[in-house]
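**Student:** The structure is given below, and queries will be raised subsequently.
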């Protein structure tokens, strides 16, 4: 049975394909999913570590049912997705003598979900995972590694907003703008849906290998194609708004900062999605002080304005529209605007969107389920045509400026999977050289980056303006790509390195020894070198 997982900063959604109705359905996992109300069954992305050295953890709704999210306990983790693959400023928490990384917390969370999925009726034969638009390869590699031991036929990855575009059941040949605004990220993606007729009934991409041969042939006759025209993203989300609301009450009322007040701020924010005013009461049992926390929509909008929030949204939107114009798509050519994620329900966000698009083009029927439900479409005979959001490059010594710099070898905008590899020929730099090293990195835009750091027990992200390239080295701890036998010497080409990006957007390299004609590495994922 195909299953899709949308691992979110605030909530996680799991869907499966129902072969009877031929439609996706959202799963509710007992004890982990929140009780159904107005929203679909969501799994709160929460972890509580009972014993780190024994991997004893609680996840999801059971944490809230026990009140463990309101105790200010260092064993409680929320918004941990934002720390995965990030360079954390400050000390990581230590529990039971073990340093707790966010990768470890995320692994525990997903492993608990996996355990539940393996026991459901119908089993699990293929899996689709969704990732933010601006995620780095180290995050994607970590996510794939969590699931690599599963006995499934295929594991695939898909950008979150691209998946959301597929869930709304829109017509083909339309330009769809997805605004995915969740707890941790803002992702915009412009997608065009179309149909393509394969030649000689050959698959045009990566399709699920169905056991039913006739069904597979039917899916190959008319392949729905989702072509990504433009995308833009920021590490900005509802969690930031929660923190800003807490900071507002810290300034105006002297409210203490802890997990309880952060949770109350989240409740206020959610309440303002449907009401003009919201209120909560906080009692501080340390100094026996009581706080009346009241917030209205206008005050929240002022808080957001003071934080430069709308300027960041405009920057992201204008970046996407500029990419769209390069593809020949003007703003009036966008057929529909699909809103996804809990944060899009805030009236201030919808008001901002309506500055760009008329109300009749905006749809918000599936803010929580769209990503996971849309991701299942690639198990039903769908081809995705996508491009790289980041560049890949190699580090070199810049003699003129006397510093290390980065040379792009595969530039952002390159479609993938690549049909032809990029080749680089290298030689030894000294006599009797035993190996050749190369530092390979993923390069983001030069307009700035995101810094992740601790403020008390809160994990905070901050936009950093910088004129230098933001780089995530993929193999910094193991730079050796070729062991030379016999030893190398200067003056001649020694190895050929081929760079290729596969259908899952992983960068792979093949290394050939030109002297011995031996293949030293073949289609090795670069992130695995470390």
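Residue numbers (UniProt numbering): 1 to 530. Even glycine gets a Cβ: it sits at the ideal position worked out from N, Cα and C. These figures come from a predicted structure and were not determined experimentally.
Straight-line CA distance for residue 360 to residue 27?
**Tutor:** Cα to Cα, the separation comes out at about 31 angstroms.
**Student:** Taking buried to mean at least 16 other C-beta atoms within 10 Å of its own C-beta, is residue 275 buried or exposed?
**Tutor:** The residue in question, residue 275, is exposed, as its Cβ has fewer than 16 Cβ neighbours within 10 Å.
**Student:** Go through its chain and collect everything with a Cβ distance to residue 267's Cβ below 8 angstroms, but skip five positions before and after it.
**Tutor:** Once the five neighbours on either side are set aside, the close Cβ partners of residue 267 are 278, 280.
**Student:** I'd like the ranges of any beta strand (DSSP E) spanning at least 3 consecutive residues and lying wholly in the stretch 351 to 414.
**Tutor:** Qualifying beta strand (DSSP E) stretches, in chain order: 382 to 387, 391 to 398, 403 to 410.
**Student:** Using 8 angstroms as the threshold, is the C-beta distance between residue 534 and residue 325 below it?
**Tutor:** Since the first residue of the chain shown is 1 and the last is 530, residue 534 is not available in this structure.
**Student:** Give me whichever residues DSSP pairs with residue 17 in a beta bridge.
**Tutor:** 24.
**Student:** Does the distance from the CB of residue 113 to the CB of residue 372 come in under 8 angstroms?
**Tutor:** Not in contact: residue 113 and residue 372 (Cβ atoms no closer than 8 angstroms).
**Student:** For residue 30, count the other beta carbons within 10 Å of its own beta carbon; 16 or more makes it buried, fewer makes it exposed. Which is it?
**Tutor:** Per the 10 Å Cβ criterion, exposed.
**Student:** Three or more C-beta pairs under 8 angstroms: does that hold for the stretch 149 to 163 against the stretch 96 to 103?
**Tutor:** No, they do not touch.
**Student:** I'd like to know if the stretch 4 to 20 and the stretch 32 to 48 are in contact, where contact means that at least 3 CB-CB pairs between them fall below 8 angstroms.
**Tutor:** Yes, the stretch 4 to 20 is in contact with the stretch 32 to 48.
**Student:** Any C-beta of chain D sitting closer than 8 angstroms to the C-beta of residue 420?
**Tutor:** Here chain D cannot be found, since the structure has a single protein chain.
**Student:** So, for residue 439: in the same chain, excluding its five sequence neighbours on each side, which residues have a beta-carbon less than 7 angstroms away from its beta-carbon?
**Tutor:** Excluding positions up to five away in sequence, the list reads 394, 395, 473, 475, 476, 479.
**Student:** Going straight from the alpha carbon of residue 178 to that of residue 380, what length do you get?
**Tutor:** C-alpha separation (whole angstroms): 21 angstroms.
**Student:** Can you look up residue 147 in the DSSP assignment and give me helix, strand or coil?
**Tutor:** Note: residue 147 maps to helix in three-state DSSP.
**Student:** Mapping the DSSP letters down to three states, classify residue 524 as helix, strand or coil.
**Tutor:** Residue 524: strand per DSSP, three-state reduction.
**Student:** May I ask you to report which of helix, strand or coil DSSP gives residue 247?
**Tutor:** Helix at residue 247.
**Student:** Take residue 283 and list the residues in its own chain whose beta-carbon comes closer than 6 angstroms to its own, dropping the five residues that flank it on each side.
**Tutor:** Taken in chain order, the residues that qualify are 290.
**Student:** According to the neighbour-count rule (16 or more other Cβ atoms, all chains shown, within 10 Å of its Cβ), is residue 432 buried or exposed?
**Tutor:** Answer is exposed; the Cβ neighbour count stays below 16.
**Student:** Going along the chain, which residues of its own chain have a beta-carbon closer than 8 angstroms to the beta-carbon of residue 297, five neighbours each way excluded?
**Tutor:** Closer than 8 angstroms at the Cβ level, and outside the excluded window around residue 297, lie 272, 276, 277, 347, 348.
**Student:** Counting Cβ pairs closer than 8 angstroms, one from the stretch 58 to 77 and one from the stretch 253 to 260, do we hit at least three?
**Tutor:** Short answer: they touch.
**Student:** Apply the 10 Å Cβ neighbour rule to residue 235 and answer buried if 16 or more other Cβ atoms are within range, or exposed otherwise.
**Tutor:** So residue 235 counts as buried.
**Student:** When we look at the beta-carbon of residue 136 and count the other beta-carbons within 10 Å, is it buried (16 or more) or exposed?
**Tutor:** Label assigned to residue 136: buried.
**Student:** Let's see if you can read the secondary structure: which residues bound the alpha helix (DSSP H) around residue 325?
**Tutor:** 309 to 326 is the extent of the alpha helix (DSSP H) around residue 325.
**Student:** At the level of alpha carbons, what is the spacing between residue 16 and residue 184?
**Tutor:** C-alpha separation (whole angstroms): 24 angstroms.
**Student:** Can you tell me whether residue 53 is buried or exposed, with buried defined as 16 or more other CB within 10 angstroms of its CB?
**Tutor:** With fewer than 16 other Cβ atoms within 10 Å, it is exposed.
**Student:** Taking the alpha carbon of residue 485 as the point to measure from, which residue in 504, 517, 510, 104 has its own alpha carbon closest?
**Tutor:** Nearest of 504, 517, 510, 104 to residue 485, Cα basis: 517.
**Student:** Go to residue 535, then tell me how far its alpha helix (DSSP H) extends in each direction, as first and last residue.
**Tutor:** With the chain covering only 1 through 530, there is no way to say anything about residue 535.
**Student:** Tell whether a beta-carbon distance below 8 angstroms holds between residue 128 and residue 384.
**Tutor:** Contact: no.
**Student:** Contact defined as beta carbons within less than 8 angstroms: I believe residue 186 pairs with residue 316. What is the distance between those atoms, to the nearest angstrom?
**Tutor:** Residue 186 to residue 316, Cβ: 6 angstroms. Contact.
**Student:** Residue 319: which of 340, 233, 345 sits nearest, CA to CA?
**Tutor:** Of 340, 233, 345, the residue nearest in Cα terms is 233.
**Student:** What are the partner residues of residue 78, as DSSP defines its beta bridges?
**Tutor:** Bridge partners of residue 78: 46.
**Student:** Within 10 Å of its beta-carbon, does residue 35 have 16 or more other beta-carbons around it, so buried, or fewer, so exposed?
**Tutor:** Residue 35 comes out exposed.
**Student:** Taking DSSP's pairing of strands, which residues face residue 87 in a bridge?
**Tutor:** Beta-bridge pairing links residue 87 to no other residue.
**Student:** Tell me where the alpha helix (DSSP H) around residue 504 begins and ends.
**Tutor:** Segment: none, residue 504 is in no alpha helix (DSSP H) and carries neither H nor E.
**Student:** If you draw a straight line from the alpha carbon of residue 225 to that of residue 182, how long is it in whole angstroms?
**Tutor:** The straight-line gap from Cα to Cα measures roughly 26 angstroms.
**Student:** Buried or exposed: which applies to residue 190, given that a residue is buried once 16 or more other Cβ atoms fall within 10 Å of its Cβ?
**Tutor:** Buried, since its Cβ has 16 or more Cβ neighbours within 10 Å.
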